[in-house]
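With the first letter of the sequence shown counted as 1, position 55 gets the number 74 in the working numbering; the numbers rise by one all the way through. Every residue, glycine too, gets a C-beta built ideally from N, C-alpha and C. None of the values given here were measured: they were computed from a predicted structure.
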Amino acid sequence: MSKVEFKVIDNDYQIVKSTDEKYILLSLFIGKFRESDNIQEIIDMLEDVKNENKTWKEVIEPYGMFLPIGYDSGHFKCDKEIAYFISDQQEYQNMEMPLQELIDLMKDWKTF
Numbered sequence: 020m021s022k023v024e025f026k027v028i029d030n031d032y033q034i035v036k037s038t039d040e041k042y043i044l045l046s047l048f049i050g051k052f053r054e055s056d057n058i059q060e061i062i063d064m065l066e067d068v069k070n071e072n073k074t075w076k077e078v079i080e081p082y083g084m085f086l087p088i089g090y091d092s093g094h095f096k097c098d099k100e101i102a103y104f105i106s107d108q109q110e111y112q113n114m115e116m117p118l119q120e121l122i123d124l125m126k127d128w129k130t131f
């Protein structure tokens, strides 16, 4: 089952919609990045961590300790295998997923 769906609204606005409430942080994280260059930058960061070229701490240093998730809903971090979505809001669930799955979703979002 897919965790998110990519949709077009009013023939020009692209959104990422979660397929279940437990994936809201994932959809907000992916949907935060709109421009192809920004999406590729995130893909490159995630692949550097996955391939052990850099640690998360090294990759994220210019941004702080975490990447914020849209609408101040939480923050993101990862290690070489797992992506962590940490909620700052009571109504959202923390979640984890394989890092490669997130990389694949980001690539799909970039080409959508």
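Non-local beta-carbon contacts of K41 in its own chain, meaning distances under 8 Å to residues more than five positions away in sequence, involve Q112 and M114 in chain order. With a 10 Å radius around the Cβ and a threshold of 16 neighbouring Cβ atoms, F48 comes out buried. In chain order, A102 place their CB closer than 6 Å to the CB of M116, counting only its own chain and leaving out the 5 sequence neighbours on each side.
Taking 8 Å as the cut-off, the beta carbon of W75 is found closer than this to the beta carbon of K96. Nearest Cα to V68 within the set D91, K126 and Q119: Q119.
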